[in-house]
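Engineer: Take this structure first; my questions come after.
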Amino acid sequence: EPEVTQTPSHQVTQMGQEVILRCVPISNHLYFYWYRQILGQKVEFLVSFYNNEISEKSEIFDDQFSVERPDGSNFTLKIRSTKLEDSAMYFCASRAKNIQYFGAGTRLSVL
Amino acid sequence: AQSVTQPDIHITVSEGASLELRCNYSYGATPYLFWYVQSPGQGLQLLLKYFSGDTLVQGIKGFEAEFKRSQSSFNLRKPSVHWSDAAEYFCAVALYGGATNKLIFGTGTLLAVQP
C-alpha cells in the first residue's frame, strides 16, 4: 500500500541552525500538508501546498518557515533559524479524495 | 472558529470490554469527520471517516463511529477491545471545497488496555 515517507525520523539541532525536513508524498496525490505536534499538545496545521504554491498557512508558519517541492517526488519543510519552541513532531500529509494520509513524522529536538 | 473537543484525555479499559471515545465539534456546517490512531513511533493512521449518508460508519480494526448532528458529536466505538488497540486516538474535522482543506484535531485520547 502506498505511504507517505518522512526523513529523518529524528533530527537534533542547535538553536539558530537551519533544518530541512523531508517528505515523499504518495505519488499521485496533488495536495500536501505539514502539521506539527508539540509534546503533550494537539496536532496543529502549519501549511498546505497545491499546484506548486502555498494555499493556506497558519499563524505559526512565519517567515522562518518555508516549503518547497523541488522535484516531482519530494516535499520539504525548512526552518531557517530554529528556536527552542520549534521542538516538536512534524507530520507531512498528502491528500486524495478528501482523505489525508500521514507519514510517521520527524521528531525535531532543538537544543 | 472551528474546534474539536475530546473530553477524555486518558481512558483505561480491560481487554474484551467495550469502548467509546467521545468527540464533539463546533462548526457552522457539517464538516467532514475523521478518527485517526497513533501508535507509539507510528504516524497517524486513518480509522474511519464520515462525509455524508449513513450516520453509522465502519472503519478498520473493528471500529465504528456514529455521527449525531443534533449533538455535534462523532463518537468512536468498539465492542471488544484488544491489547493492540492501546494507542492515542484523534478526532479531526475538515471543511472541504477549496485548495486548503486543513484538518483541525482534538487533543487526543490516550487509551490503555489492561489484561
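Chain order of the listed sequences is G and S. Going by this note's numbering, the first sequence opens with residue 108, and the numbers climb by one from there. Going by this note's numbering, the second sequence opens with residue 233, and the numbers climb by one from there. From the three backbone atoms N, C-alpha and C, an ideal C-beta is built for every residue, glycine too.
With a threshold of 7 Å on Cβ separation, who are the neighbours of residue 157 of chain G within its own chain once the five nearest residues in sequence on each side are excluded?
Structural biologist: The residue labelled residue 157 of chain G in the question sits at position 50 within the first sequence. Same-chain partners within the cutoff: 137 and 138.
Engineer: Please confirm whether residue 211 of chain G has its beta-carbon closer than 7 Å to some beta-carbon of chain S.
Structural biologist: By one-based count along the first sequence, residue 211 of chain G stands at place 104. Closer than 7 Å to some Cβ of chain S, the Cβ of residue 211 of chain G qualifies, so yes.
Engineer: Can you find the residues in the same chain that come closer than 7 Å, C-beta to C-beta, to residue 190 of chain G, ignoring five residues on each side of it along the sequence?
Structural biologist: On the first sequence, position 83 is the one that residue 190 of chain G refers to. 122 and 217, listed in sequence order.
Engineer: Quick one: what does DSSP say residue 309 of chain S is sitting in, helix, strand or coil?
Structural biologist: Your numbering for residue 309 of chain S matches position 77 in the second sequence. Looking at residue 309 of chain S - three-state DSSP - the assignment turns out to be strand.
Engineer: Should residue 220 of chain G go down as buried or exposed, given a rule of 16 or more other Cβ atoms within 10 Å for buried?
Structural biologist: An answer regarding residue 220 of chain G cannot be provided, because it is not within the stretch 108 to 218 covered by chain G.
Engineer: Per DSSP, residue 281 of chain S is paired with what?
Structural biologist: By one-based count along the second sequence, residue 281 of chain S stands at place 49. Residue 281 of chain S pairs with S/266.
Engineer: Flag residue 233 of chain G as yes if its beta-carbon sits less than 7 Å from any beta-carbon of chain S, otherwise no.
Structural biologist: This structure cannot settle anything about residue 233 of chain G, because the visible part of chain G is limited to 108 through 218.
Engineer: Any idea what DSSP makes of residue 176 of chain G, helix, strand or coil?
Structural biologist: Numbered from 1 along the first sequence, position 69 holds the residue referred to as residue 176 of chain G. Residue 176 of chain G: coil per DSSP, three-state reduction.
Engineer: Can you name, in chain order, every residue of its own chain whose Cβ lies under 7 Å from the Cβ of residue 194 of chain G, other than the five neighbours on each side?
Structural biologist: Numbered from 1 along the first sequence, position 87 holds the residue referred to as residue 194 of chain G. Contacts found: 215, 216 and 217.
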